[in-house]
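Only one structure is covered here, and it is reproduced in the block below.
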Amino acid sequence: MAAIIDVSQLPRLRRRATLLHATMGGHAPTVGIPGALPADLEGDFSDPESPLPHTVPADPKAPFEARGISSDTPVIIYDEQGGVPAARVWWLAKVAGLTNAAVLDGGLRAWLDSGRETGELADLSSVGKPGSIDAAPEWERLVDAQGVKSALGEYNHVVVDVRPPAVFRGDGPAHPALRSGHIPGSVNLPLGEFYSKPGYFKGFDELRDTLEPVAGPAGAIVFTCGSGVSACVGALAANVAGYGDVQVYEGSWSEWGHRSQDEAEFPVETGPAA
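For the sequence shown, the UniProt record's numbering begins at 1 and goes up steadily by one.
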């Protein structure tokens with residue numbers, strides 16, 4: 001199954017697949033594509049013990065197994081929030097070792113625009129036997145701050161920040177706990193550059209045209225954002241575009257830009273990328 005599927009493929013694929021309705025930011029719908037299971041980034045798809053928001057659970061397989069998902073289960077993820085939470089859950093599926101996960105292009109909007117109706121989401125209590133994922137977690141898909149520093153010093157590596165240009169430059173006040181600006185040496189490729197229209201990803205050729213100017217034809221890419229969620233949109237886009245060495249900076253700006261950090265260890269730059 002491709003990493004992104006069209007809504008026309010869904011009726012056939014969902015016969016065997018588990019469908020996940022991804023959410024974040026307190027959005028808690030009760031309706032969506034009928035029978036889909038909730039996958040909330042404010043719930044068990046993040047680590048509640050972490051001081052940083054939306055970090056990967058200590059056992060990344062657990063939320064998938066709790067939804068009856070096993071190693072051979074096809075997983076289709078969608079959202080109604082522009083594709084961001086769906087991309088994050090897709091990336092978590094990759095970290096968990098799942099090899100057959102996809103995002104529904106356009107999410108719930110695509111479902112509705114195809115003439116289909118919404119229905120009740122399934123409840124986790126409806127899941128029978130928990131799943132079993134045999135693969136070891138792929139922690140190498142994630143990097144910490146030291147990994148970012150290493151990437152900045154490596155040939156053919158690039159750190160791509162998907163935050164809006166004004167935020168990247170450090171225009172205006174930031175969150176009270178955060179400094180304004182970006183990681184020195186990173187480049188800005190705003191989230192919207194990966195979409196043909198909101199929630200719908202560009203195709204292979206267009207994504208190559210978007211990524212090659214910053215990453216070259218086969219560069220290694222570390223994506224970063226505010227808290228590691230939107231960065232997964234970039235990771236998904238890079239996967240579709242054929243890039244094989246792709247990682248996400250878990251802490252992202254919530255860690256690097258925090259006012260408690262030593263400025264010598266976590267320097268900040270303002271203005272456009274150098």
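Each residue gets a CB set at the ideal place from its N, CA and C atoms; glycine is no exception. Being a predicted model, the structure only gives us computed values, none of them experimental.
In or out: residue i buried (at least 16 other Cβ within 10 Å) or exposed?
{"i": "A264", "result": "exposed"}
{"i": "T30", "result": "exposed"}
{"i": "P165", "result": "exposed"}
{"i": "A136", "result": "exposed"}
{"i": "T270", "result": "exposed"}
{"i": "D72", "result": "exposed"}
{"i": "A218", "result": "exposed"}
{"i": "N48", "result": "Note that residue 48 is Pro in the sequence shown here, rather than Asn. When all chains shown are included, P48 counts as exposed."}
{"i": "P117", "result": "Pro is not the amino acid found at residue 117; the sequence shown has Glu there. Under this definition E117 is an exposed residue."}
{"i": "A87", "result": "buried"}
{"i": "S125", "result": "exposed"}
{"i": "A28", "result": "exposed"}
{"i": "D40", "result": "buried"}
{"i": "S230", "result": "buried"}
{"i": "P173", "result": "exposed"}
Just the Cα atoms here: how many angstroms apart are residue i and residue j?
{"i": "F194", "j": "V233", "result": "8 Å"}
{"i": "S254", "j": "S50", "result": "12 Å"}
{"i": "W139", "j": "T99", "result": "14 Å"}
{"i": "G199", "j": "E206", "result": "15 Å"}
{"i": "G26", "j": "G43", "result": "10 Å"}
{"i": "A215", "j": "K129", "result": "43 Å"}
{"i": "G203", "j": "V148", "result": "28 Å"}
{"i": "T55", "j": "G83", "result": "18 Å"}
{"i": "W256", "j": "D6", "result": "36 Å"}
{"i": "A3", "j": "A22", "result": "16 Å"}
{"i": "V158", "j": "R16", "result": "38 Å"}
{"i": "V246", "j": "A36", "result": "29 Å"}
{"i": "W90", "j": "A101", "result": "6 Å"}
{"i": "V187", "j": "R259", "result": "22 Å"}
{"i": "G242", "j": "P85", "result": "22 Å"}
{"i": "P213", "j": "L92", "result": "27 Å"}
{"i": "S252", "j": "L52", "result": "9 Å"}
{"i": "E250", "j": "F45", "result": "14 Å"}
{"i": "R12", "j": "M1", "result": "12 Å"}
{"i": "D113", "j": "F201", "result": "16 Å"}
{"i": "C225", "j": "A66", "result": "28 Å"}
{"i": "Q261", "j": "V268", "result": "11 Å"}
{"i": "V248", "j": "V160", "result": "10 Å"}
{"i": "R109", "j": "P38", "result": "17 Å"}
{"i": "R141", "j": "L211", "result": "19 Å"}
{"i": "R14", "j": "G115", "result": "17 Å"}
Based on Cα-Cα distance, which residue from the options lies nearest to residue i?
{"i": "F266", "options": "Q247, D144, A218, V248", "result": "D144"}
{"i": "H175", "options": "D245, S227, Q9, V103", "result": "S227"}
{"i": "residue 276", "options": "A122, I76, R116", "result": "The chain is shown only over 1 to 274; residue 276 falls outside these bounds and no answer can be derived."}
{"i": "S8", "options": "L37, W111, P85", "result": "W111"}
{"i": "A235", "options": "K94, L19, T18", "result": "K94"}
{"i": "V127", "options": "A2, T18, Y243, G257", "result": "T18"}
{"i": "D123", "options": "I33, L13, R15, G147", "result": "I33"}
{"i": "L121", "options": "V187, L142, Y78", "result": "Y78"}
{"i": "V240", "options": "A96, V103, L92", "result": "V103"}
{"i": "residue 277", "options": "A273, N156, P53, D47", "result": "The structure shown does not extend to residue 277, since the chain spans only 1 to 274, so no value can be given for it."}
{"i": "S132", "options": "A96, F45, R163", "result": "A96"}
{"i": "Q146", "options": "P57, V222, R163", "result": "V222"}
{"i": "V162", "options": "R141, L191, L142", "result": "L191"}
{"i": "D134", "options": "S70, C225, L41, G172", "result": "S70"}
{"i": "L189", "options": "A237, P173, G244, D171", "result": "A237"}
{"i": "K197", "options": "P38, L211, G107, R208", "result": "G107"}
{"i": "Q81", "options": "L211, P74, N156, M24", "result": "M24"}
For residue i, which beta-bridge partners are listed by DSSP?
{"i": "D40", "result": "T23"}
{"i": "I4", "result": "V103"}
{"i": "N188", "result": "D161"}
{"i": "K197", "result": "Y200"}
{"i": "E120", "result": "V31"}
{"i": "F223", "result": "V160, V248"}
{"i": "H258", "result": "L178"}
{"i": "T18", "result": "V75"}
{"i": "E269", "result": "H182"}
{"i": "V143", "result": "Y249"}
Using 8 Å as the threshold, is the region 56 to 73 in touch with the region 160 to 179, meaning 3 or more CB pairs across them?
-> no
Is the region 150 to 165 touching the region 183 to 194, taking contact as three or more C-beta pairs under 8 Å?
-> yes
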